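Notes follow once the structure below has been shown.
Numbering (our numbering), first residue to last: 111 to 267.
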């Protein structure tokens, strides 16, 4: 930390919390990893789960913050893997930031896709060397931002 950052209490607090894995993201991971253990007292486990939930959702910041945190968590869990990669490279602290990243990705994909003539150039054919068969696979990105679409053509000799 440089001397200017060292005088900023908020920056220091953030740095210390992140080094001890006490950030809201770390709390979310711990919350989702929590499991019931039959050999432990149930009340103690409930107390731990409540503490993890409060650390993650930070209810003192208001209901809106809690809702936003839950929505962002659900969105990130449900996105297809390629969109998770895109969103993971951005500041995804709000649902709006996630929406902007996905919209930017889709519009860029549409721009790069071009017309149907150009679309053939973006696919690639991969020959398969299987004895007794003559097949090839063509792959292309999904238009809805989902996983890659694979087309297999050929016949058995």
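Here a beta-carbon is modelled for each residue, glycine too, at the ideal position from N, C-alpha and C. Because the structure is a prediction, the values reported are computed rather than measured.
So residue 137 is in the alpha helix (DSSP H); what residue range does that whole segment cover? Mapped onto the chain shown, residue 137 falls at position 27. First-last of the alpha helix (DSSP H) with residue 137: 134-143.
Unbroken alpha helix (DSSP H) runs of length 4 or more, entirely within the stretch 184-208: which are they? 191-198
Counted within 10 angstroms of its Cβ, other Cβ atoms place residue 222 as buried (16 or more) or exposed: Residue 222 sits at position 112 when you count from the first residue of the chain shown. With fewer than 16 other Cβ atoms within 10 Å, it is exposed.
Relative to the C-alpha of residue 176, which candidate in 182, 167, 184 has its C-alpha closest? Residue mapping note: residue 176 aligns to position 66 of the chain shown, counting from 1. Among 182, 167, 184, the Cα nearest to that of residue 176 belongs to 167.
Look at the Cβ atom of residue 204, then the Cβ atom of residue 178, and state whether they are nearer than 8 Å. As a position in the chain shown, residue 204 is number 94, starting the count at 1. As a position in the chain shown, residue 178 is number 68, starting the count at 1. Yes, these two residues count as a Cβ contact at 8 Å.
Taking buried to mean at least 16 other C-beta atoms within 10 Å of its own C-beta, is residue 90 buried or exposed? The displayed coordinates of the chain run from 111 to 267. Any statement about residue 90 would go beyond what the structure contains.
So what's residue 168 in DSSP terms, helix, strand or just coil? Residue numbering aside, residue 168 sits at position 58 when the chain shown is read from its first letter. Three-state result, residue 168: coil.
Would a C-beta distance cut-off of 8 Å place residue 137 and residue 155 closer than the cut-off? Position 27 of the chain shown holds residue 137. Position 45 of the chain shown holds residue 155. Contact flag unset, no.
By the 10 Å Cβ neighbour count, where 16 or more other Cβ atoms means buried, how is residue 127 classified, buried or exposed? Against the chain shown, residue 127 aligns to sequence position 17. Result: exposed.
On the three-state DSSP scale, how would you describe residue 113? If you number the chain shown from 1, residue 113 lands on position 3. Correct three-state label for residue 113: helix.
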